[in-house]
Ligand SMILES: Cc1ncc(COP(=O)(O)O)c(C=O)c1O
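In structure tokens form, the structure reads like this:
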């Protein structure tokens, strides 16, 4: 599962984007985190930074248009409703869903995944049924399934991770052939290994076997074009805050017929058509799944983030990030005592995860911070994957559209400083 050294080295000079101009959109990047140490932010897989366009859209909304949505017929409520629903339209177009009714606002990818487990899972699973997950999943695509399985008793199978950091597709095919699989729920891109899973083929295979597919798009939707109709995926979950949008807003895409058939997730205002003391009937999609006052300013911010990413072009974003990530893998592979995890560069995206000799990842990360370099340490909410890797914790540098090869040089310099401190 250790990464092979890439064959070529590239620089940002071939990037299709004007990164200097893009960096100027992100006010937070222009600071020193310690005296003389400029911020080198390499933790976007945890949460990305927000451009001024997103901040301004939210501020404008809060200063001019805020009221509760859908319920009022006064001017501000109508403006707030229009802003909130316009953002839904933008998100629909961004992932190429057929209908705005298929776009549900949630708090984050975690809530989107939980919604499907609790609503679809409870209605459709029972003893004898099988759900297929993978060994590389984030806890948000493991724990909700464990909770429901322990309550209603179905079987979970896990697609193993190969020594190359890829999903073992032979075992996946065997599960589909030999087991009564009702749903496959896997991540599109790994937040630890960077593996880009071959989800188009996996979805086709699952459908041929009569199973539905949910994709955890938390690490793919921010970085590459995800087209739900081209993929024919049944559910897609992602978070706003990893794609230049604010925290507190996420999306669940679901095919309309599936969402229509599913029971509500939470009860309360907005999600009902009629309530009597004897019972309730449900509102139409998407409101059936949006109980209570939603995160309105955050939806507006996510709409602005979608505009921003679309303006740059998702293909350009991916191309730029690949240049930076390839350069990082190249430079990191030359550091003595450093172990890189994940597949070959052409099968991955966006993150470089490593350990340094026998230093604890937290110690490495703390020393990198002294140099102004922000990376993340720990199990990255993927404990089973770390068990598979045979390490308790790793350090992860993750890249987004505002990162440069100079940021990678700063990372390498900081690692050299850490090596000196530890006498390596
Ligand atoms: C692959 C993956 N799935 C799901 C999540 C959960 O996202 P959130 O915490 O925004 O719900 C993350 C967050 O790191 C992730 O990387």
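Residue numbers (our numbering): 7 to 430.
C-beta: ideal position from N, C-alpha, C; glycine also.
Since this is a predicted model, take the numbers as computed values, not measurements.
Asked                                                                                                                               : Found
Residue 197: CB within 7 angstroms of a non-hydrogen atom of ligand 1                                                               : yes
Residue 344, DSSP secondary structure in three states                                                                               : strand
Cβ neighbour criterion (16 or more within 10 Å) applied to residue 105                                                              : exposed
Residue(s) in a DSSP beta bridge with residue 164                                                                                   : 139
Residues of its chain near residue 43, where Cβ-Cβ distance is below 8 angstroms and the 5 sequence neighbours each way are ignored : 376, 377 and 378
Pair within 8 angstroms by beta-carbon distance, residue 118 and residue 23                                                         : no
Simplified DSSP state of residue 253, which is helix, strand or coil                                                                : coil
Cβ-Cβ distance between residue 203 and residue 213 below 8 angstroms                                                                : no
Where residue 283 falls, given that 16 or more other Cβ within 10 Å makes a residue buried                                          : exposed
Alpha-carbon to alpha-carbon, residue 158 and residue 325                                                                           : 45 angstroms
beta-carbon residue 389 near ligand 1 non-hydrogen atom, thresh 7 angstroms                                                         : no
Selection from 371, 293 and 277 that minimises the alpha carbon distance to residue 286                                             : 277
Neighbour-count burial assignment, residue 239, 16 or more Cβ in a 10 Å radius                                                      : buried
Euclidean distance between Cα positions of residue 27 and residue 85                                                                : 32 angstroms
Segments assigned beta strand (DSSP E), at least 3 residues, entirely inside the segment 164–230                                    : 187–193 and 218–222
Proximity test, residue 384 beta-carbon vs ligand 1 heavy atom, cut-off 7 angstroms                                                 : no
Top-ranked residue by Cα proximity to residue 340, from 321, 327, 362 and 354                                                       : 362
Cβ shell of residue 280 (< 8 angstroms), same chain only, five flanking positions each side left out                                : 286 and 287
Member of 430, 427, 349 and 356 whose CA lies at the smallest distance from the CA of residue 410                                   : 356
Contact set for residue 83: own chain, Cβ-Cβ below 6 angstroms, skip 5 residues either direction                                    : 73
Residue from 380, 57, 215 and 261 whose Cα sits closest to the Cα of residue 233                                                    : 261
Best match in 191, 308 and 171 for proximity to residue 109 [C-alpha to C-alpha]                                                    : 308
The segment 220–227 contacting the segment 141–157, beta-carbon criterion three pairs below 8 angstroms                             : yes
Three CB pairs or more closer than 8 angstroms across the segment 235–252 and the segment 393–400                                   : no
Within 8 angstroms, strictly: CB atoms of residue 435 and residue 311                                                               : Nothing can be reported for residue 435: it is not among the residues displayed for the chain, which extend from 7 to 430.
Residue 384 beta carbon less than 8 angstroms from that of residue 403                                                              : no
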